[in-house]
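Novice:
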């Protein structure tokens, strides 16, 4: 059987972001942690960590990390029938999109995590990249916009998020006095989440506009809303995130009736054990609601 | 003089995250973009990009990117006196902490960006890492908790953020029925922003507790507040971010009177030109306020 002390050292180094901190977390010296990683690499015949530019697992290391996560999930189930075995609970690493975390996610899983004493290690990834991390074995589950199941994993629909093209009334008066003309769209600053965010492009294509447009880059869901409400730009924002701003008239649509729907899917490893199945059930009964 | 077409190609590839998208943005074919990068690397005698595990600039490439940003800032000043030169405005890359972006930042700079038609490329970094990116030449300015100026840059204080240890009243009844005892702290789930977040550790040290504690990892400012308000854990939250929740009693301190102050500093390159000086003035007159 695999020496899990070695795998635990690897998981802790990656989670803590360094050998010294991992040592502190495990109650070991830094050199003892290094020695475990070295032993693991010798047994495996290849490196499990790359040290630069930043410390991270190699593809082989990531497969090991995914394996550790699955074993930890199975241990959770075992601990239910053998409570004396109980160790401090493992953290479940989940990739999800920033907008879900900023809106419906916490409400959907809070009761479950509390009741099962489950700790989460959340990783924010732009929709399609999360799935790549799942494929690489870096996360145990992933909430993203792709319906394509990963081999060995299940995929269930989680409803959809509705995005509206929003700005302040003052912004609209200033930049779109004659509506969304091509000239106006070429000059009006937009807000884009990051290089992988295609929502503004899709919205503009819906409007028949295919040129380039000035935009701020703001990789934070709440920061995005802040930039929009201060009048710095217009952007595609989840309706459920800004209900108050819409009702109060602080934000309003730049193209009434236009919206984009982003369907979300929950991907999880098939052999994640009972805890993963129950988490999935909790999510399914609390999926995104537009009421 | 440097061939700026080559540097522009490099900046666009990094910003767009790929050669194909960079080509689309520049109105060039993908192979024309590749050719420019290759030419740049031949002239320089070393690579400017690493392709895997993810596309990013080498240290040499980052120095070039920083140079391009500074040149673009200077061009902005020039364009004021020679408006016919006006090109689509450059984006200014700034590293800042997630909590500032989620709270006071947008209000402080909105008017300035609107008046100067300045676009931002915001990068979220845990406080001390932003400064490293500044040193590496990857960003033009950085808002972080270190007062140590980088060589060639200026550093001005921006006030401080006050963090309170908060949870829901229900959470406190459940996990701290007898106050913050050592036993309770060993069992009560906390929320930690990420491996570099030392706020919970500092708070617990203030309470005289030095053991390990269970915690969720949640690298999102708004997600952090959501997890706390659903009762999943307690955590150090900026007071200005949750005034409403505090007034409504949805969140309350787990240790009344205890708080942590995080001083913030604005670092910017000395030769950033007039636009950077004016941005700094705008920030100084709108710094964090606790009124």
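Residue numbers (our numbering), protein chains in the order written: chain G, 755 to 1045; chain W, 755 to 1045. In this text, a Cβ means the ideal position worked out from N, Cα and C, and glycines have one as well.
Report whether the distance from the Cβ of residue 1041 of chain W to the nearest heavy atom of the ligand FAD is below 8 Å.
Specialist: This structure lacks the ligand FAD; in fact it carries no ligand of any kind.
Novice: Using a Cβ cut-off of 8 Å, pull out every chain W residue sitting near residue 1047 of chain G, in sequence order please.
Specialist: Any property of residue 1047 of chain G remains undetermined from this structure, which presents chain G solely from 755 to 1045.
Novice: Report the three-state DSSP secondary structure of residue 896 of chain G (helix, strand or coil).
Specialist: Residue numbering aside, residue 896 of chain G sits at position 142 when the first chain is read from its first letter. Correct three-state label for residue 896 of chain G: strand.
Novice: Can you find a CB in chain G that lies within less than 9 Å of the CB of residue 975 of chain W?
Specialist: Start at 1 with the first residue of the second chain, and residue 975 of chain W comes out as number 221. True, the Cβ-Cβ gap to chain G drops below 9 Å.
Novice: Among G:779, G:872, G:1009, which one has its Cα closest to the Cα of residue 922 of chain G?
Specialist: Numbered from 1 along the first chain, position 168 holds the residue referred to as residue 922 of chain G. Closest option to residue 922 of chain G, Cα to Cα, is G:1009.
Novice: Using only alpha-carbon positions, find the residue among W:993, W:1022, W:860, W:866 that is nearest to residue 915 of chain W.
Specialist: Counted from its first residue, the second chain places residue 915 of chain W at position 161. The shortest CA-to-CA distance from residue 915 of chain W to any of W:993, W:1022, W:860, W:866 is the one to W:993.
Novice: Is residue 845 of chain G close to chain W? Criterion is C-beta to C-beta, closer than 9 Å.
Specialist: As a first step, residue 845 of chain G must be located in the first chain, where it is residue number 91. Output row for residue 845 of chain G: interface = yes.
Novice: Just to confirm my understanding: we take residue 815 of chain W, look at its own chain, exclude 5 residues before and 5 after, and list those with CB closer than 8 Å. What are they?
Specialist: Position 61 of the second chain, counted from the start, is the residue given in the question as residue 815 of chain W. Within its own chain, the residues whose Cβ lies closer than 8 Å to the Cβ of residue 815 of chain W, once the five positions on either side in sequence are excluded, are 764, 768, 801, 802, 803, listed in chain order.
Novice: Considering only C-alpha positions, which residue in the set G:963, G:810, G:951 is nearest to residue 937 of chain G?
Specialist: If you number the first chain from 1, residue 937 of chain G lands on position 183. Residue G:963 is the option with its Cα nearest to residue 937 of chain G.
Novice: Looking only at its own chain, which residues have a Cβ that is under 6 Å from the Cβ of residue 1017 of chain W, when we skip the five neighbours before and after it?
Specialist: Your numbering for residue 1017 of chain W matches position 263 in the second chain. Correct list, in chain order: 914.
Novice: Since residue 969 of chain W meets chain G, which of its residues come closer than 7 Å, beta carbon to beta carbon?
Specialist: Taking the first residue of the second chain as 1, we reach residue 969 of chain W at position 215. Within chain G, 873 have C-beta atoms less than 7 Å from the C-beta of residue 969 of chain W, given in sequence order.
Novice: For residue 793 of chain W, tell me which candidate among W:772, W:777, W:810, W:761 has the shortest Cα-Cα distance.
Specialist: If you number the second chain from 1, residue 793 of chain W lands on position 39. Checking every option, the nearest Cα to that of residue 793 of chain W belongs to W:761.
Novice: Who are the near neighbours of residue 770 of chain G in its chain, counting only those whose CB is closer than 7 Å to its CB and skipping five residues on each side?
Specialist: By one-based count along the first chain, residue 770 of chain G stands at place 16. Around residue 770 of chain G: 776, 779.
Novice: From residue 972 of chain W to residue 932 of chain G, what does the alpha carbon distance come to, in whole angstroms?
Specialist: Counting from 1 along the second chain, the entry for residue 972 of chain W is found at position 218. Counting from 1 along the first chain, the entry for residue 932 of chain G is found at position 178. Straight-line Cα distance between these residues: approximately 43 Å.
Novice: Do we get a CB-CB distance below 9 Å when we pair residue 999 of chain W with the residues of chain G?
Specialist: What you label residue 999 of chain W is simply residue 245 of the second chain in a count that begins at 1. It does not: the Cβ of residue 999 of chain W has no partner Cβ on chain G nearer than 9 Å.
Novice: What is the DSSP secondary structure of residue 825 of chain G, counted as helix, strand or coil?
Specialist: Position 71 of the first chain, counted from the start, is the residue given in the question as residue 825 of chain G. Residue 825 of chain G: helix per DSSP, three-state reduction.
Novice: Drop a sphere of 10 angstroms on the beta-carbon of residue 905 of chain G, count the other beta-carbons inside from all chains shown, and report buried for 16 or more, exposed for fewer.
Specialist: Position 151 of the first chain, counted from the start, is the residue given in the question as residue 905 of chain G. Answer is exposed; the Cβ neighbour count stays below 16.
Novice: Kindly indicate which three-state DSSP category residue 808 of chain W falls into: helix, strand or coil?
Specialist: As a working note, residue 808 of chain W is residue 54 in the second chain. It is coil, neither helix nor strand.
Novice: Quick one: Cα of residue 896 of chain G to Cα of residue 1019 of chain W, how far?
Specialist: To locate residue 896 of chain G, count along the first chain from 1; it is residue 142. To locate residue 1019 of chain W, count along the second chain from 1; it is residue 265. Linking residue 896 of chain G to residue 1019 of chain W through their CA atoms gives a straight-line distance of about 36 Å.
Novice: Between the region 930 to 949 of chain G and chain W, which residues of the former have a C-beta closer than 7 Å to a C-beta of the latter?
Specialist: 943, 949: these are the residues of the region 930 to 949 of chain G whose beta carbon lies less than 7 Å from some beta carbon of chain W, given in chain order.
Novice: Chain G beta carbons: is any one of them nearer than 9 Å to that of residue 859 of chain W?
Specialist: Position 105 of the second chain, counting from 1, holds the residue named residue 859 of chain W. For residue 859 of chain W, the answer is yes, since a Cβ of chain G falls inside 9 Å of its Cβ.
Novice: Measuring only between beta-carbons, confirm whether residue 1039 of chain W sits less than 9 Å from chain G.
Specialist: Translated into positions along the second chain, residue 1039 of chain W becomes position 285. Output row for residue 1039 of chain W: interface = no.
Novice: Between residue 980 of chain W and chain G, is the shortest Cβ-Cβ distance under 9 Å, so that the two count as touching?
Specialist: For the purposes of this step, residue 980 of chain W is taken as the residue at position 226 of the second chain. So yes, residue 980 of chain W belongs to the interface.
Novice: So residue 852 of chain W contacts chain G; which residues on that side make the cut at Cβ distance below 7 Å?
Specialist: For the purposes of this step, residue 852 of chain W is identified with residue 98 of the second chain, where counting begins at 1. Per Cβ cutoff of 7 Å: 974.
Novice: I'd like to know if residue 1004 of chain W contacts chain G, where contact means its C-beta is closer than 9 Å to some C-beta of that chain.
Specialist: Mapped onto the second chain, residue 1004 of chain W falls at position 250. It does not: the Cβ of residue 1004 of chain W has no partner Cβ on chain G nearer than 9 Å.
Novice: Tell me whether residue 1025 of chain G sits in a helix, a strand or coil according to DSSP, three-state version.
Specialist: Against the first chain, residue 1025 of chain G aligns to sequence position 271. For residue 1025 of chain G, the secondary structure class from DSSP, reduced to helix, strand or coil, is coil.
Novice: Mind checking if residue 986 of chain G is an interface residue toward chain W, Cβ cutoff 9 Å exclusive?
Specialist: As a working mapping, residue 986 of chain G is identified with position 232 in the first chain. Yes - at least one Cβ of chain W is within 9 Å of the one on residue 986 of chain G.
Novice: With distances taken between CB atoms, is the gap from residue 1022 of chain W to residue 894 of chain W smaller than 9 Å?
Specialist: As a first step, residue 1022 of chain W is located in the second chain; it is residue number 268 there, counting from the start. As a first step, residue 894 of chain W is located in the second chain; it is residue number 140 there, counting from the start. The Cβ-Cβ distance between residue 1022 of chain W and residue 894 of chain W falls below 9 Å.
Novice: Any idea what DSSP makes of residue 989 of chain G, helix, strand or coil?
Specialist: Residue 989 of chain G sits at position 235 when you count from the first residue of the first chain. Correct three-state label for residue 989 of chain G: strand.
Novice: Do we get a CB-CB distance below 9 Å when we pair residue 790 of chain G with the residues of chain W?
Specialist: Within the first chain, residue 790 of chain G is the residue found at index 36, counting from 1. Not one chain W Cβ lies under 9 Å of residue 790 of chain G.
Novice: Considering only residues of the same chain and omitting the five flanking positions on each side of residue 924 of chain G, which have a CB-CB separation below 8 Å?
Specialist: The residue you call residue 924 of chain G lines up with position 170 of the first chain. So the qualifying residues of the chain are 985.
Novice: Does the beta carbon of residue 983 of chain W come closer than 9 Å to any beta carbon on chain G?
Specialist: Counted from its first residue, the second chain places residue 983 of chain W at position 229. For residue 983 of chain W, the answer is yes, since a Cβ of chain G falls inside 9 Å of its Cβ.
Novice: Tell me the DSSP secondary structure of residue 923 of chain W in three-state form.
Specialist: Your numbering for residue 923 of chain W matches position 169 in the second chain. Correct three-state label for residue 923 of chain W: helix.
Novice: Could you tell me the alpha carbon to alpha carbon distance between residue 952 of chain G and residue 849 of chain W, rounded to whole angstroms?
Specialist: Stepping through the first chain from its first residue, residue 952 of chain G is reached at position 198. Stepping through the second chain from its first residue, residue 849 of chain W is reached at position 95. About 23 Å.
Novice: So which residues on chain G does residue 878 of chain W lean against when the C-beta distance must stay under 7 Å?
Specialist: By 1-based counting over the second chain, the position of residue 878 of chain W is 124. Per Cβ cutoff of 7 Å: 973, 974.
Novice: Any beta-carbon of chain W closer than 9 Å to the one on residue 956 of chain G?
Specialist: Counting from 1 along the first chain, the entry for residue 956 of chain G is found at position 202. Answer no: the Cβ-Cβ gap between residue 956 of chain G and chain W never drops below 9 Å.
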